[in-house]
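Read top to bottom, the protein sequences are chains A and B.
So that you can map any letter, position 485 of the first sequence is 485 in the numbering used here, and since no number is skipped, the others follow by simple counting.
So that you can map any letter, position 29 of the second sequence is 29 in the numbering used here, and since no number is skipped, the others follow by simple counting.
All remarks here apply to the structure that follows.
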Amino acid sequence: MSDKVTICRLASGVPGLDATLGGGLPEFSFNLIVGPPGSGKTTLAHQIMFALATKERPALFFTVLGEPPLKMLRYQQQFAFFDSQKISESIRFVNLSDEVSTGNFDEVLARITKEVEAYSPGLVFVDSFRSVMLEARNQPQGTLSLQQFIQQLGIHLSGWQATSFLIGEYLTNSDPHPVFTVADGLISLDQSIHRNSMVRQMQVLKMRGQATRPGMQTFRISSAGIEVFPTALVRDDNTATLEPVGSRRTKARVAVGVPGLDEMLGGGLPSGYSMLVAGPSGSGKTILATAFLAEGVRRGEAGVIVAFEQTPSQSRTTTIDDMVRAGQVGLINTRSLDLSIDEIVHHLVGLIHKMKAKRVVIDSLSGFELAVAPTFREDFRESLFRMVAVLSDLGVTIVMTSELEDRYTDLRFSPYGSAFLTDAIIVQRYIEIESHFKRVLAVVKVRGSAHSNELRQFEITDAGIIIGDPLGDYEGLLSGRATLAPPPVKVLGRAKLR
Amino acid sequence: MVEATAATWRLVAAQLAPVIGARGFEVLFGRALHMTSTTFPWLVVSADHGGSESPLPRLERCLARQDPATAAKASYTLLLKFTELLMTLIGESLTARLLAPVWAGPSLSSTQESAL
Numbered sequence: 001m002s003d004k005v006t007i008c009r010l011a012s013g014v015p016g017l018d019a020t021l022g023g024g025l026p027e028f029s030f031n032l033i034v035g036p037p038g039s040g041k042t043t044l045a046h047q048i049m050f051a052l053a054t055k056e057r058p059a060l061f062f063t064v065l066g067e068p069p070l071k072m073l074r075y076q077q078q079f080a081f082f083d084s085q086k087i088s089e090s091i092r093f094v095n096l097s098d099e100v101s102t103g104n105f106d107e108v109l110a111r112i113t114k115e116v117e118a119y120s121p122g123l124v125f126v127d128s129f130r131s132v133m134l135e136a137r138n139q140p141q142g143t144l145s146l147q148q149f150i151q152q153l154g155i156h157l158s159g160w161q162a163t164s165f166l167i168g169e170y171l172t173n174s175d176p177h178p179v180f181t182v183a184d185g186l187i188s189l190d191q192s193i194h195r196n197s198m199v200r201q202m203q204v205l206k207m208r209g210q211a212t213r214p215g216m217q218t219f220r221i222s223s224a225g226i227e228v229f230p231t232a233l234v235r236d237d238n239t240a241t242l243e244p245v246g247s248r249r250t251k252a253r254v255a256v257g258v259p260g261l262d263e264m265l266g267g268g269l270p271s272g273y274s275m276l277v278a279g280p281s282g283s284g285k286t287i288l289a290t291a292f293l294a295e296g297v298r299r300g301e302a303g304v305i306v307a308f309e310q311t312p313s314q315s316r317t318t319t320i321d322d323m324v325r326a327g328q329v330g331l332i333n334t335r336s337l338d339l340s341i342d343e344i345v346h347h348l349v350g351l352i353h354k355m356k357a358k359r360v361v362i363d364s365l366s367g368f369e370l371a372v373a374p375t376f377r378e379d380f381r382e383s384l385f386r387m388v389a390v391l392s393d394l395g396v397t398i399v400m401t402s403e404l405e406d407r408y409t410d411l412r413f414s415p416y417g418s419a420f421l422t423d424a425i426i427v428q429r430y431i432e433i434e435s436h437f438k439r440v441l442a443v444v445k446v447r448g449s450a451h452s453n454e455l456r457q458f459e460i461t462d463a464g465i466i467i468g469d470p471l472g473d474y475e476g477l478l479s480g481r482a483t484l485a486p487p488p489v490k491v492l493g494r495a496k497l498r
Numbered sequence: 001m002v003e004a005t006a007a008t009w010r011l012v013a014a015q016l017a018p019v020i021g022a023r024g025f026e027v028l029f030g031r032a033l034h035m036t037s038t039t040f041p042w043l044v045v046s047a048d049h050g051g052s053e054s055p056l057p058r059l060e061r062c063l064a065r066q067d068p069a070t071a072a073k074a075s076y077t078l079l080l081k082f083t084e085l086l087m088t089l090i091g092e093s094l095t096a097r098l099l100a101p102v103w104a105g106p107s108l109s110s111t112q113e114s115a116l
């Protein structure tokens with residue numbers, strides 16, 4: 001048996017925060033919550049407090065200057081987590097403004113000590129630390145300096161066996177306050193505004209003794225409180241919670257539900273693959289994706305669709321709507337413009353687990369990019385890569401559609417260079433033959449598998465996509481203006497296409 | 001009567017000042033006094049006195065100058081206004097929780113419980 005100390009980790013009560021912190025809040029830790037006004041510091045503190053406070057582990061919440069406590073109580077009780085039953089039973093608010101306004105930190109510390117000794121709290125919150133810092137300017141000579149005060153407080157708090165939180169404002173990189181060194185944990189909150197969208201992010205800069213999720217994690221504040229969407233980990237060390245729902249990559253092939261297309265793919269889409277269907281507007285990408293889900297449903301495999309484009313009921317064949325209503329397909333339909341990819345992935349993974357889904361459709365990447373807050377667009381490709389990795393880790397087979405500007409001068413598959421992220425690519429194009437717009441498709445890539453390289457004409461009928469014969473008699477199809485190849489060239493043309 | 005009122009307010013202040021601060025309590029108390037003074041104009045004069053003195057002794061002096069029936073009515077109205085004011089700010093359940101010891105206290109308890 002190990003005689004090392006075991007650090008008990010408290011579940012913070014904030015969805016997603018424990019994963020971000022690397023397993024919860026270490027008991028008896030001294031933490032700082034910092035961020036600009038309006039970033040959600042007090043809300044975070046309250047949510048943690050209401051979740052953790054019990055009669056056995058009471059909480060003391062010291063309010064300093066800053067936000068008047070009346071206002072804080074008025075607004076915080078709008079959140080679902082605010083339980084007035086707990087007030088005075090297991091939560092006590094203590095206002096320190098009188099002591100702080102003297103600028104004499106000995107008094108402040110004495111008052112805090114007195115309250116803590118009288119109440120023996122398991123949780124201590126001081127809101128806000130910024131106002132303490134401001135008051136430090138008018139402190140009388142010969143008394144505790146702010147730095148000493150914070151250090152004393154930190155020492156006292158750990159000695160009192162309390163998990164404590166100091167809530168403060170700005171964190172400047174150029175002038176880090178010494179308290180940051182003293183603290184065991186440092187959570188920084190931020191909100192970034194870009195045009196019309198606002199994105200909230202948090203970062204755990206420090207949490208002694210545990211591996212935190214690196215980088216900025218997005219979160220949302222709703223009437224339920226804060227919900228954090230931790231960055232999707234490609235390989236989660238906590239594999240127990242991420243057990244594959246679908247079949248992991250096997251040699252099995254998945255039927256895509258379009259007659260003839262399975263043969264073109266070399267016998268179906270390999271299970272666990274991600275496939276990109278790229279094509280111009282109206283070329284039939286959504287119909288192909290719908291057929292993919294419908295085929296799954298026909299075989300008793302549930303699916304999930306993330307729809308950013310046309311409302312699903314507008315689809316022509318077996319509609320997504322019907323399948324969603326029948327409970328065979330889960331739908332995430334969003335048009336809000338301030339999403340983070342992590343938030344979508346979070347919902348998506350949740351839904352895949354819930355539905356035990358094996359097929360996933362993202363329709364479309366172009367709509368997805370629009371729905372993502374501008375702040376995240378720069379990293380869209382990187383996030384997309386992570387998303388595909390997380391999904392394929394779950395063992396689901398993915399079809400993603402991508403709008404493709406119809407250019408006849410170059411051959412492109414996706415505007416984000418996301419083509420390399422996917423295991424298979426189908427490209428759809430419009431061509432002109434005998435003064436008619438015709439649709440063609442081709443399988444461009446199926447990783448590790450033989451596949452057709454023919455350009456096949458196809459039609460969209462009420463029965464779905466009908467794939468026609470190879471267009472062997474034409475050349476220059478990808479230029480958009482096909483010409484009938486003369487017999488001798490025909491052979492060459494075919495050779496070229498192959 | 002005056003002593004009972006003063007005791008009640010000391011209890012209210014003791015309950016609220018730690019939570020919302022002494023200053024926060026005084027602001028609410030001042031506002032309640034102001035609202036009560038529309039019915040009992042003799043209260044407004046006292047509220048206007050210099051800002052440094054704690055409002056409670058002033059209230060006591062004011063009440064002492066009135067006949068007991070009027071003073072009781074005014075002090076009841078004041079407590080009612082104060083409670084209403086707190087309820088509009090932080091809601092009924094939180095107000096009830098914070099002021100519970102006041103209602104449980106020896107003075108004015110029966111009348112105030114019905115007022116809630």
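Even for Gly, the Cβ is constructed at its ideal location relative to N, Cα and C.
Predicted model only: the values in this text are computed from it and were never measured.
- Under DSSP, the beta-bridge partners assigned to residue 270 of chain A are A:253.
- Contact between the segment 180-187 of chain A and the segment 202-212 of chain A is present: three or more C-beta pairs spanning the two stretches fall below 8 Å.
- Per DSSP, the continuous alpha helix (DSSP H) segment holding residue 97 of chain A begins and ends at 97-101.
- In the DSSP assignment, residue 62 of chain A falls within the unbroken beta strand (DSSP E) covering 59-63.
- Residue 251 of chain A sits exposed, since fewer than 16 C-beta atoms from the chains shown fall within 10 Å of its C-beta.
- Checking the DSSP bridge columns, you'll see residue 424 of chain A partnered with A:275, A:446.
- From the beta-carbon of residue 98 of chain A, the residues of chain B found nearer than 8 Å are 21, 22, 23.
- The beta carbons of residue 124 of chain A and residue 232 of chain A sit about 34 Å from each other, so the pair does not count as a contact at 8 Å.
- According to the DSSP assignment, residue 470 of chain A belongs to the beta strand (DSSP E) that extends over 464-470.
- Within the DSSP secondary-structure output, residue 26 of chain A pairs in a beta bridge with A:9.
- By the neighbour-count definition (other C-beta atoms within 10 Å, threshold 16), residue 45 of chain A is a buried residue.
- Looking at the DSSP output, residue 188 of chain A shares a beta bridge with A:34, A:203.
- Look at the segment 54-85 of chain A: the residues with a C-beta under 7 Å from a C-beta of chain B are 68, 69, 70, 73, 74, 77, 84.
- Counting every other CB atom within 10 Å of its CB across the protein chains shown gives residue 458 of chain A a total of 16 or more, marking it as buried.
- When C-alpha distances from residue 361 of chain A are compared across A:449, A:8, A:291, the shortest belongs to A:291.
- Remark: fewer than three beta-carbon pairs, one from each stretch, lie closer than 8 Å, so the segment 158-168 of chain A and the segment 13-23 of chain A are not flagged as touching.
- Taking C-beta separations shorter than 7 Å and ignoring five residues to either side along the sequence, the partners of residue 80 of chain A in its chain run 223, 224, 225, following chain order.
- Residue 56 of chain B and residue 42 of chain B have their C-alpha atoms some 15 Å from each other.
- The beta carbon of residue 94 of chain A falls within 7 Å of a beta carbon belonging to chain B, placing the residue at that interface.
- Counting along the chain, no alpha helix (DSSP H) covers residue 83 of chain A, and no H or E run does either.
- Annotation: residue 223 of chain A has no Cβ neighbours in chain B at a cutoff of 8 Å; minimum Cβ distance is about 15 Å.
- Interface annotation, residue 54 of chain B: not in contact with chain A, CB-CB separation never under 7 Å.
- Beta-bridge partners assigned by DSSP to residue 227 of chain A: A:220.
- At least 7 Å separates the beta-carbon of residue 320 of chain A from that of residue 332 of chain A.
- Beta-bridge annotation (DSSP): residue 120 of chain A is not paired with any residue.
- Judged by their CB atoms, residue 293 of chain A and residue 446 of chain A are not nearer to each other than the 7 Å cut-off.
- The C-beta separation of residue 433 of chain A from residue 387 of chain A comes to about 38 Å, leaving the pair out of contact by the 8 Å criterion.
- Rounded to the nearest angstrom, the gap between the Cα atoms of residue 77 of chain A and residue 272 of chain A is 46 Å.
- Rounded to whole angstroms, the separation of the alpha carbons of residue 439 of chain A and residue 462 of chain A is 16 Å.
- Residue 61 of chain B is outside the set of residues whose beta carbon lies under 7 Å from a beta carbon in chain A.
- One finds 94, 97, 98 in chain B with Cβ atoms closer than 8 Å to the Cβ of residue 87 of chain A, taken in chain order.
- Per DSSP, residue 1 of chain B lies in no alpha helix (DSSP H) and is assigned neither H nor E.
- Around the C-beta of residue 301 of chain A, 16 or more other C-beta atoms lie within 10 Å, and the residue is accordingly described as buried.
- By the criterion of a C-beta distance shorter than 7 Å, residue 53 of chain A is surrounded in its chain by 59, 86, 90, 91, 123, once the five residues flanking it on both sides are discounted.
- A:467 is the residue among A:467, A:471, A:35, A:353 whose C-alpha sits nearest the C-alpha of residue 263 of chain A.
- The Cβ atoms of residue 89 of chain B and residue 74 of chain A lie closer than 7 Å to each other.
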